[in-house]
Amino acid sequence: MLAGGLLAKAPRPATTLPPGASSGEEFELLLQKGDRQQLQEGCEEAIALGLDERLRLLRPRLLEINADDHSLAVVLADAKALLACKAPEAALQVLNRVSPAVGKPREQWLLLQWQAANAALNHRRAALALRRFSKGNPQVLAGQLLPLAQSQRSGLEQQVLQLEAIDAFPEAVGLLMEPDPSPAVSAGRKLDAVRLLVKGGEAERAESLIPSALNQSALAEAWGVSAELLMQQRALQLASGNSAAAAQTTNRQERLARRLEDAIGVRQALVARIADGSSNPPLAQRLLSRQEPLELSKGALLSALLSLNTEPVSAANQAVPFARLELAKRLAQQINHRERLLDVLADQENQARQADDPWLLDRVNRQALQSSAGNPLRELEAIDRRQRELLADPPLGGSAWEAFTPLREQAELERLRQEEKLEQRFEQRLGFDPYPGLFSLPALLEDLQRLRLATAGQIVAGNQIWKLAPAQFGLLPRQLGDRRRNKASKELANALASLAITEKEKEQGLSLFGQLVQQLQEREKLNLELSQDLASGKLNPEALQREERLLFLERQLDPRGSNMRALMAFGRSEKGLLSLNKLHEQEDKLRLRSRFEESRNLMARRLLLEDQLQQETITGPRWQPRAPITAPQLEAIKLSRLWREYRSDSASGVVPTLQDLAFRTKDGALELELVRYRLAQLLDQPVRSPLRP
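Position one of the sequence shown corresponds to residue 65 (my numbering), numbered consecutively onward.
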């Protein structure tokens, strides 16, 4: 080899070698005839002994030793040897000789490419390698350990970094334009020069450098540099309004990506092609690039949310629109679309008020107060709706003394609870299983039905595990082994048979508590199915029917509802019913009083929120506010105002401002909705996820 001969004949400095170093003759022979392994060992010796001159001579020899062999195994081995020789840029040059297809070879190639780029402090190249390795899946990166080591770089490149840090762009570009014997290095430096020129406002000069840099990167087969240069070229062409040239560059990007079997590059070219067909390619490109990550995380559920029709479908069936709004609320919570969530809650409150449904009204208004926290405008509106509900409560009644002695009322409640517990013990029935025992009838009946309706789970050590429904009155655990289940079933059945109650009462009790257990199981199952749908990002076609049924079950299983209180009273004596009714009356009385106190507290909260809203418009000095408004609160108020303007007139021109604000506040669902809207104005055929395979 010519270069090897020149290196061999190069004069060597006559210096004293440290102990353990190879002799000069041995080093000459290594340079002329050494294989990869021997050259790598020579590098390791030079590094260990601080022989920098020998290290400088070994690197180009390693670079050229297998220059004509482009097999993957040889390329990877040569790159590893160059990394051991502290020549990461040369390792990148070697890796550019191949581009493996998908599979383990490509993964090895990408990881080694990252290692070389990271060692060379080429962070853009390193990030691109990891992005291609993970294919957008963070879990792949989380499970991959990466080797880290100290790195070196040329003084020229280090000086460029320092000049860039102090905004000395012209001087930095001048250094990057210095010629280098390696076409790959020259192309990489020109890419950095293009980036700095754009940063310094010299777009025309930056664009003029790209053609020669592309030629050099193609000559060196540095395809990663070529891809980045084409990306820069297209961005500059779009910025200058040259859409036709940008479309041609897009074609070159796609051809290069297909040649390299780079799926991410092909998808990026697809996005660019869609943008090229729009009325404003630069804007469409930015929106499409922003759309992809948002679509992957929130797209499917946002589409489901927007497709829900919140208008009542039938005056005869109020449950359907209630369920629609409940499902919309669940979707908005899952994707954290706060503005739509608060709108849905306001619609729910309106429907519940029109239907005169106190249970749903209480549920919705409490959720609205929680969800509006941090946004004074929205919280004030939620307080208005909650106060309207609370003011419709019946008067408290009782003496004036009770209003000033709330602890006395609470103590009375505790007394009645203890009295009810004692009465429950008196109400327990004597049974035999086969030994005498006392049983609470609701607990006995529910546990019997829980055992009967238990579902088979996994088998552990040859023992079938049974899963029982959640307990409302029962005492058995959620899981039982096969033998324990059979034993408990037999004992409880014997106990029920021995109780001093009529057969009609037994049949009625088993029927009522069987329905309760089925409802508890169904509620748990529906909640699990809906949670799994939301976690997967895909909504089941039967989600609306599930939500309607779940809303019904929540109402039926409310501990304060008439259904559950009737089950508590099953089989009780007149004295037991009297004790239970007194307890329920006191609970209702205290609940009414707590709602009255809540109304008073909300009035005080309203004054603070009104004061904060006044601060929104005052820019000059003012008196000391009761509650100073914070920057996040101001942003939340502005977001809500812009959102309402967008909802009332989407063509009003607030969309760009609203999208920027959604981006700053990390409201991804709202931003995605606005990105879709803007793309629909730019493209003939709106796209939902152009990058999704």
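Think of the CB as a built atom: it goes at the ideal place given N, C-alpha and C, for glycine as much as any other residue. Remember, predicted model here, so these are calculated numbers, not experimental data.
Which value, in whole angstroms, describes the spacing of the CA atoms of residue i and residue j?
i	j	result
Pro534	Leu576	16 angstroms
Ser435	Arg402	8 angstroms
Pro211	Ala151	16 angstroms
Glu567	Glu586	28 angstroms
Lys263	Leu703	32 angstroms
Leu801	Pro83	Nothing about residue 801 can be read from this structure; the chain reaches only from 65 to 757.
Ala145	Gln172	15 angstroms
Lys639	Asn645	10 angstroms
Gln157	Ala396	50 angstroms
Leu283	Ala85	38 angstroms
Ala552	Leu563	17 angstroms
Ala507	Leu405	40 angstroms
Leu698	Asp713	23 angstroms
Leu227	Ala700	41 angstroms
Glu356	Leu324	23 angstroms
Ala368	Arg430	25 angstroms
Ala691	Glu413	28 angstroms
Gln596	Glu588	12 angstroms
Leu560	Leu512	9 angstroms
Ala321	Pro169	18 angstroms
Gln676	Pro689	8 angstroms
Ser378	Val384	Any reading at Ser378 is ruled out, since the residue's pLDDT is 45, under 50, leaving its predicted position unreliable.
Met65	Glu128	At Met65, the pLDDT of 32 sits below 50, so the modelled position is not reliable and the matter cannot be decided from this model.
Ser504	Glu569	14 angstroms
Ala380	Ala419	Note that Ala380 has pLDDT 42, beneath the 50 cutoff, so the model's placement of it is unreliable and the number below is only indicative. Cα to Cα, the separation comes out at about 11 angstroms.
Glu89	Ala131	26 angstroms
Ala181	Ala193	9 angstroms
With DSSP collapsed to three states, give me the class of residue i.
i	result
Thr729	coil
Thr313	helix
Leu621	coil
Ser378	Model confidence at Ser378 stands at a pLDDT of 45, short of 50, so the residue's coordinates are unreliable and nothing is read from them.
Ile111	helix
Gln678	helix
Val524	strand
Thr721	helix
Ile274	helix
Phe386	helix
Going by alpha carbons, who is nearest to residue i out of the options?
i	options	result
Ala446	Arg481, Pro458, Asp457 and Leu409	Leu409
Gly545	Leu127, Lys570 and Gln522	Gln522
Leu15	Asp420, Gln451 and Gln418	This structure cannot settle anything about residue 15, because the visible part of the chain is limited to 65 through 757.
Arg388	Pro605, Leu347, Leu126 and Gly538	Pro605
Ala744	Ala368, Arg319, Leu347 and Asn665	Leu347
Leu424	Gln96, Leu122, Gly106 and Gln620	Gln620
Arg427	Leu119, Glu618 and Arg125	Glu618
Asp731	Leu239, Leu260 and Leu358	Leu358
Glu453	Arg547, Leu631 and Phe660	Phe660
Phe386	Gln398, Gln415 and Leu366	Gln415
Asp421	Ala232, Glu235, Leu615 and Gln398	Leu615
Ala148	Pro234, Lys602, Glu108 and Ser163	Glu108
Gly106	Phe91, Leu194 and Ala193	Phe91
Glu611	Arg708, Asp231, Leu592 and Leu656	Leu592
Arg548	Asp652, Trp530, Gln536 and Ala309	Trp530
Gln398	Leu471, Gly601 and Asp448	Gly601
Glu662	Trp707, Asp448, Leu556 and Leu598	Asp448
Tyr710	Leu94, Ala695 and Glu735	Glu735
Glu571	Gln104, Leu294, Glu510 and Lys554	Glu510
Arg479	Asp326, Gly573 and Leu647	Leu647
Residue i and residue j look like a contact to me (Cβ under 8 angstroms); what is the Cβ gap, rounded to whole Å?
i	j	result
Arg613	Leu351	That belief does not hold up - the Cβ atoms of Arg613 and Leu351 are roughly 40 angstroms apart, past 8 angstroms.
Glu285	Arg188	Going by Cβ atoms, the distance from Glu285 to Arg188 rounds to 19 angstroms, so no, they are not a contact pair.
Gln650	Leu486	That pair is no contact at about 16 angstroms.
Ala364	Gln349	In fact, because the Cβ distance is near 24 angstroms, the residues do not count as touching under 8 angstroms.
Lys362	Ala733	5 angstroms
Glu318	Ala303	Not confirmed; about 21 angstroms, so no contact.
Asp142	Leu126	7 angstroms
Glu473	Leu360	Not a contact, Cβ separation roughly 54 angstroms.
Thr721	Leu706	6 angstroms
Arg253	Leu261	So it is not a contact: roughly 12 angstroms between Cβ atoms.
Using the DSSP secondary-structure output, state which residues sit across from residue i in a beta bridge.
i	result
Leu759	No information on residue 759 is available, as it lies outside the stretch 65 to 757 that the chain covers here.
Ile701	Ile701 is not bridged to any residue.
Thr519	Lys531
With hydrogens ignored, establish whether the beta-carbon of residue i is closer than 7 angstroms to any heavy atom of the ligand FMN.
i	result
Trp423	Of ligands this structure carries none, so the ligand FMN is not represented either.
Taking 8 angstroms as the CB-CB cut-off, is residue i touching chain C?
i	result
Pro720	Absent from the structure: chain C. Only one protein chain is present.
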